[in-house]
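Asks: Got a structure for you, written out below as structure tokens; questions coming shortly.
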Amino acid sequence: MDRARREVGGTKEPGAASADAAPVPGPGRVPGQGESRRATVVRLALMALPLAFFGLFFAYPVAAIVGRGLKTDTGWQFDRFGEVLARPDIADVLWFTTWQALASTVLTLLIALPGAYVFARFEFPGKQLLRAVVTVPFVLPTVVVGTAFLALLGRGGLLDETAGVRLDTTVWAILLAHVFFNYAVIVRTVGGLWAQLDPRQEEAARVLGAGRFAAWRKVTLPALAPAVAAASLMVFLFTFSSFGVVLILGGPAYSTLEVEVYRQTAQLLDLSTAAVLTMVQFAAIGAILALHAWTVRRRETALRLVDPGRTTHRPRGWAQRTLLGGVLLTVGLLIVAPLAVLVERSFDTPGGYGLGFYRALQDAGAGGGTFLVPPLEAIWNSLQYALAATAIALVIGGLAAAALTRRGGRFVRGFDAMLMLPLGVSAVTVGFGFLITLDEPPLDLRTSWILVPLAQALVGVPFVVRTMLPVLRAVDGRLREAAAVLGASPLRAWREVDLPLVRRALLIAAGFAFAVSLGEFGATVFIARPDQPTLPVAVARLLGRAGELNYGQAMALSTILMLVCAVSLLVLERLRPDKTSGEF
Amino acid sequence: MTLLQLDGVSVRFGERAVVDAVDLAVAEHETVCVLGPSGSGKSTLLRVVAGLQQVSGGRVLLGGADQAGVPVHRRGVGLMFQDHQLFPHRDVGANVSFGLRMRGGGRASYAARVAELLELVGLPGAQGRAVASLSGGEQQRVALARALAPSPRLLMLDEPLGQLDRGLRERLVVELRGLFSRLGTTVLAVTHDQGEAFALADRVVVMRDGRIAQAGTPLEVWQRPASEFVARFLGFENVVPATVTGAVAATAWGKVPVPAGSPEGEQRLLIRPAGVVLCEAGLRCEVVSRTFRGTHVALLLRPEGGPVLEAECGLAGAPATGDRVAVSFAPAEVVVLPPGGC
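Quick note, the sequences are listed as chains A and B, same order. Going by the working numbering, 18 is the number at position 6 of the first sequence; the sequence numbering is gapless. Going by the working numbering, 369 is the number at position 315 of the second sequence; the sequence numbering is gapless.
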């Protein structure tokens with residue numbers, strides 16, 4: 013289809029504005045000197061704010077932490093790298109981190125791709141609710157998920173009681189928890205694009221003699237490939253730097269780099285080993301991102317996107333019904349079951365089922381002096397922080413994505429990779445870095461509320477960029493030209509053409525940013541003020557204390573967090589574009 | 055008065071000149087059609103005038119003012135894209151009113167204008183329809199209404215009827231011509247279809263490899279193609295080398311009478327199919343194929359000597375495939391092509 017359109021387009025491909033990645037050098041592809049200079053200026057202007065943001069709130073704190081770990085009075089101690097990496101226990105950590113991340117990614121793809129298809133193409137009752145349900149895990153604090161899986165698969169857990177099987181000492185618990193977490197990443201990123209692919213293109217391939225599978229492989233898969241690659245990359249990054257899940261389910265046997273950094277920092281106070289490991293993780297993530305950039309470079313092509321409402325239909329025939337049933341069953345077992353156990357525990361008070369744990373949340377003293385304020389206030393704090401973080405992430409990520417849409421050289425690709433780094437760098441390091449760098453003039457943010465949203469936005473930006481970029485690049489540059497000929501200035505053309513077309517992606521991006529901000533834990537736990545805890549921080553504090561009341565309250569608060577997320581996501585799902593712009 | 059003037063406009067992509075030193079003037083209220091095969095640079099010419107394509111050399115003047123440095127949205131021209139490029143996220147009304155909104159003004163003022171334009175293009179009351187629900191012909195009409203809405207001083211059409219079926223195309227050509235003369239619009243269109251160009255234009259400009267091969271009224275171009283390229287592009291195949299002496303040319307098909315005053319010597323000769331007349335005695339040919347064309351029958355003949363020959367004859371008494379016939383040539387349909395190889 014893409015090729016067909018390119019031929020129809022003939023010599024009319026736009027110059028610099030083209031999002032098309034045709035390898036054929038068409039006439040419109042070589043912009044004049046003036047054009048390219050103007051494009052560079054625009055790109056630099058768009059990149060300025062994201063660059064400043066990352067420099068100040070990411071590079072600087074991380075560099076400061078590494079400096080503190082590796083620099084002594086006698087200078088830099090780079091020989092620490094050799095010492096640390098030569099240790100067999102560290103080598104084990106490296107090996108485990110890598111293969112579990114790979115296994116988790118493959119497993120997530122295998123399990124979630126059918127789900128992405130079902131959500132993209134099938135219409136069934138309760139679809140919106142289910143879409144929100146599969147997204148909830150993504151925003152739960154890792155600590156809570158770890159605990160929920162422990163309750164499901166661990167000693168005395170549901171599986172132990174019913175089948176006598178325990179998985180908490182095996183790597184399967186970690187892998188399943190990772191799938192639980194990342195199911196939504198695939199369903200939303202891949203499924204979102206899939207829903208907008210025109211099914212008639214597969215039909216065209218069928219008519220040309222391709223079998224059902226061949227048509228999918230030759231037509232749909234290549235169109236989806238950039239989204240699949242982007243989503244897989246996200247899953248790999250998350251699982252590579254997995255923290256809470258491995259901390260709880262891995263026990264002493266399994267440890268990822270991130271867990272090891274945390275142990276070295278918080279438990280062993282060995283800052284130099286932590287710094288070495290942070291650098292190793294940083295380098296590994298950098299290498300993965302470079303590889304990713306190299307493989308998917310220029311794969312995004314101009315797709316003809318259609319209204320997702322027109323591509324869905326009720327499942328037909330036994331094969332489609334079985335597929336839908338299988339996906340529903342998977343979601344039920346993998347996602348609903350752990351959440352159900354979580355909810356069940358929140359009501360399971362010593363005196364039978366009741367609201368006891370929830371009532372206790374209104375009382376500041378309930379945590380045995382853990383809190384200065386009633387834990388319930390954490391809900392309001394979390395919402396405010398997450399909203400601010402979402403706004404920041406949308407501005408920074410939106411500008412960055414707009415800059416990246418305009419194709420450029422190596423510099424731009426480096427910028428692309430840089431935006432992804434916060435996902436791979438230890439959140440513990442970032443949070444700790446904030447504390448030691450942003451506490452003195454000219455940037456004394458220690459007492460400012462903005463510190464938490466800034467840290468959370470850092471994790472949100474990559475989502476915004478990854479979600480926006482494929483759609484932004486797929487917008488046909490000639491629509492922009494049509495607007496310009498009709499009298500729209502470049503800015504106006506962007507507002508009138510690009511923005512409405514990407515609004516859906518923008519909403520998805522906002523949802524993601526909001527969700528990760530709500531659930532962010534590693535950095536927030538370091539910088540949230542004691543009298544203004546967020547929900548995940550409050551949960552962790554409660555879990556950290558012994559006693560059934562604290563455990564129950566943690567479950568109750570997690571349930572509330574889960575509900576807050578579900579409600580926010582449902583609202584987002586409802587925020588469909590109005591009738592006149594119903595195309596996207 | 056000249057509205058659009060191109061002075062030696064060139065566009066180069068690397069080494070290749072897509073538009074090569076083109077001079078062109080379009081007068082007010084005139085409809086000019088640029089005709090050429092794909093890759094001849096005609097679409098690039100439109101993009102240059104719109105400001106979507108930078109020139110490598112030359113000047114573009116609109117109303118006498120040099121357009122260098124004037125951005126696309128300030129040129130006040132309209133462009134109808136080949137594949138329409140309607141905004142998929144807006145309904146028909148919002149597409150048509152887009153250009154009006156860009157110029158400001160109240161919503162109420164352009165609602166009337168949108169209704170008027172949709173009426174004009176034959177889609178009254180279509181304001182609320184989704185773009186995706188339109189057929190190809192309807193999309194084309196909406197694209198036209200959208201381009202006309204801001205009353206551009208110059209309206210440019212890129213293959214305006216290219217994707218439509220034939221019946222619709224023929225009807226729309228007539229409608230467009232009527233519309234443009236009624237509105238007094240100045241139009242610059244490009245097409246690869248000579249029928250479309252001849253029906254639409256006051257003046258036709260034939261392009262080849264970025265250069266202008268011939269310019270003139272449709273009748274001039276049709277009757278006196280300026281070169282073998284133009285002749286062949288117009289669909290004429292009967293072109294042979296000839297030696298002209300007085301009123302007769304010697305060709306592979308034998309002696310052919312030429313119009314009085316034709317240049318003498320080694321020339322190339324075009325015989326339009328209508329000039330190949332079936333007769334009792336003359337050049338003997340075998341009928342290779344016959345194609346019914348509605349008003350006449352097109353014959354492909356293989357003469358005893360020389361290349362195949364295209365001929366036309368009436369419906370009655372048309373020979374069958376395989377028949378042996380004889381032809382002579384009518385001087386009125388014979389053109390001695392100017393040299394130059396272009």
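Idealized CB from N, CA, C, for every residue including glycine.
According to DSSP, is threonine 268(A) helix, strand or coil?
Replies: coil
Asks: Quick check: what's the CA-CA separation for leucine 367(A) versus valine 105(A)?
Replies: 42 Å
Asks: Alpha carbon to alpha carbon, what distance is there between glycine 445(A) and leucine 281(A)?
Replies: 15 Å
Asks: Enumerate in chain order the residues of its own chain whose CB-to-CB distance from tryptophan 276(B) is below 8 Å, with the five nearest sequence positions on each side excluded.
Replies: Phe252, Leu288
Asks: Cβ closer than 9 Å: which chain A residues qualify as neighbours of phenylalanine 402(B)?
Replies: Lying outside 55 to 396, the shown extent of chain B, residue 402(B) is not represented and no answer is given.
Asks: Out of Val471(A), Tyr397(A), Met480(A), Tyr370(A), point me to the one whose CA is closest to leucine 411(A)'s CA.
Replies: Met480(A)
Asks: Could you name each continuous alpha helix (DSSP H) segment of 4 residues or more that falls completely within the segment 167 to 233 of chain A, going from the start of the chain to the end?
Replies: As summarised for the segment 167 to 233 of chain A, the continuous alpha helix (DSSP H) elements at least 4 residues long and confined to that stretch are 170 to 175, 183 to 206, 211 to 219, 224 to 227, given in chain order.
Asks: Would valine 247(A) and asparagine 194(A) be called neighbours here (beta carbons separated by less than 7 Å)?
Replies: It is a contact, given that the beta carbons lie within the stated cut-off.
Asks: Below 9 Å on C-beta distance, what does leucine 205(A) contact in chain B?
Replies: The contacting residues do not exist; leucine 205(A) stays about 16 Å from chain B at best.
Asks: In whole angstroms, what is the alpha-carbon distance linking glycine 191(B) and leucine 218(B)?
Replies: Their Cα atoms are separated by approximately 6 Å.
Asks: In this structure, does DSSP put valine 258(B) in helix, strand or coil?
Replies: The three-state secondary structure of valine 258(B), taken from DSSP, is strand.
Asks: Tell me whether the beta-carbon of leucine 276(A) lies closer than 7 Å to the beta-carbon of alanine 286(A).
Replies: For the record, residue 276(A) in the displayed sequence is glutamine; it is not leucine. Alanine 286(A) sits close to glutamine 276(A), with the two beta carbons spaced by under 7 Å.
Asks: Comparing the C-beta of arginine 516(A) with each C-beta of chain B, is any distance below 7 Å?
Replies: no
Asks: Ignoring anything shorter than 3 residues or poking outside the segment 156 to 233 of chain B, list the beta strand (DSSP E) runs there in chain order.
Replies: 208 to 212
Asks: One question on the structure: do leucine 208(B) and leucine 99(B) come within less than 7 Å of each other, judged by their Cβ atoms?
Replies: no
Asks: Are the C-beta of valine 483(A) and some C-beta of chain B separated by less than 7 Å?
Replies: no
Asks: Which value, in whole angstroms, describes the spacing of the CA atoms of threonine 323(A) and aspartate 428(A)?
Replies: Threonine 323(A) and aspartate 428(A) have their C-alpha atoms roughly 32 Å apart.
Asks: With 8 Å as the C-beta to C-beta threshold (strictly closer), list the residues of the segment 487 to 500 of chain A near chain B in chain order.
Replies: Asp488, Arg490, Leu491, Glu493, Ala494, Ala495, Ala496, Val497, Leu498, Gly499, Ala500
Asks: Since I believe leucine 171(A) is in contact with leucine 162(A) (beta carbons under 8 Å), could you give me their beta-carbon distance rounded to a whole number of angstroms?
Replies: Rounded, the Cβ-Cβ distance is 11 Å, inconsistent with contact.
Asks: For valine 293(B) and glutamate 282(B), what's the separation of their Cα atoms in angstroms?
Replies: 7 Å
Asks: CB-CB under 6 Å to valine 537(A), same chain, minus the five flanking residues each way: which ones, in chain order?
Replies: Val549
Asks: What residue ranges within the segment 510 to 536 of chain A form continuous alpha helix (DSSP H) runs of no fewer than 4 residues, ordered along the chain?
Replies: 511 to 531
Asks: Tell me the start and end of each unbroken alpha helix (DSSP H) in the segment 52 to 108 of chain A that is at least 4 residues and wholly inside, in chain order.
Replies: 72 to 82, 91 to 98
Asks: Am I right that glycine 270(B) and arginine 257(B) are in contact with their C-beta atoms under 8 Å? What's the rounded C-beta distance?
Replies: 7 Å
Asks: Which residues in chain B have a C-beta closer than 7 Å to the C-beta of leucine 513(A)? List them in chain order.
Replies: His143
Asks: Kindly say whether valine 103(B), judged by its beta-carbon, lies nearer than 7 Å to any beta-carbon of chain A.
Replies: Residue contact check for valine 103(B) against chain A: no CB pair falls below 7 Å.
Asks: Is it true that the CB of threonine 441(A) sits closer than 7 Å to the CB of threonine 290(A)?
Replies: yes
Asks: At which residues does the beta strand (DSSP E) containing alanine 25(B) begin and terminate?
Replies: In the structure as shown, chain B starts at 55 and stops at 396, and residue 25(B) therefore has no counterpart that could be examined.
Asks: Alpha carbon to alpha carbon, what distance is there between aspartate 180(A) and alanine 349(A)?
Replies: 16 Å
Asks: Rank Ser235(B), Gly153(B), Pro311(B) by C-alpha distance to the C-alpha of alanine 384(B) and give the top, closest one.
Replies: Pro311(B)
Asks: Strictly below 8 Å CB to CB, what residues from chain B border arginine 504(A)?
Replies: His127, Met156
Asks: Taking the CB atoms as reference points, tell me whether valine 244(B) and serine 97(B) lie closer together than 7 Å.
Replies: yes
Asks: Under 8 Å between beta-carbons, which chain A residues line up against glycine 132(B)? List them in chain order, please.
Replies: Val497, Leu498
Asks: Is glutamine 108(B) helix, strand or coil when you go by DSSP?
Replies: coil
Asks: Taking the alpha carbon of phenylalanine 134(A) as the point to measure from, which residue in Pro211(A), Val183(A), Leu121(A), Ala115(A) has its own alpha carbon closest?
Replies: When only C-alpha atoms are compared, the closest one is Pro211(A).
Asks: Could you give the residue range of the beta strand (DSSP E) that holds proline 311(B)?
Replies: Element bounds for proline 311(B): 308 to 311.
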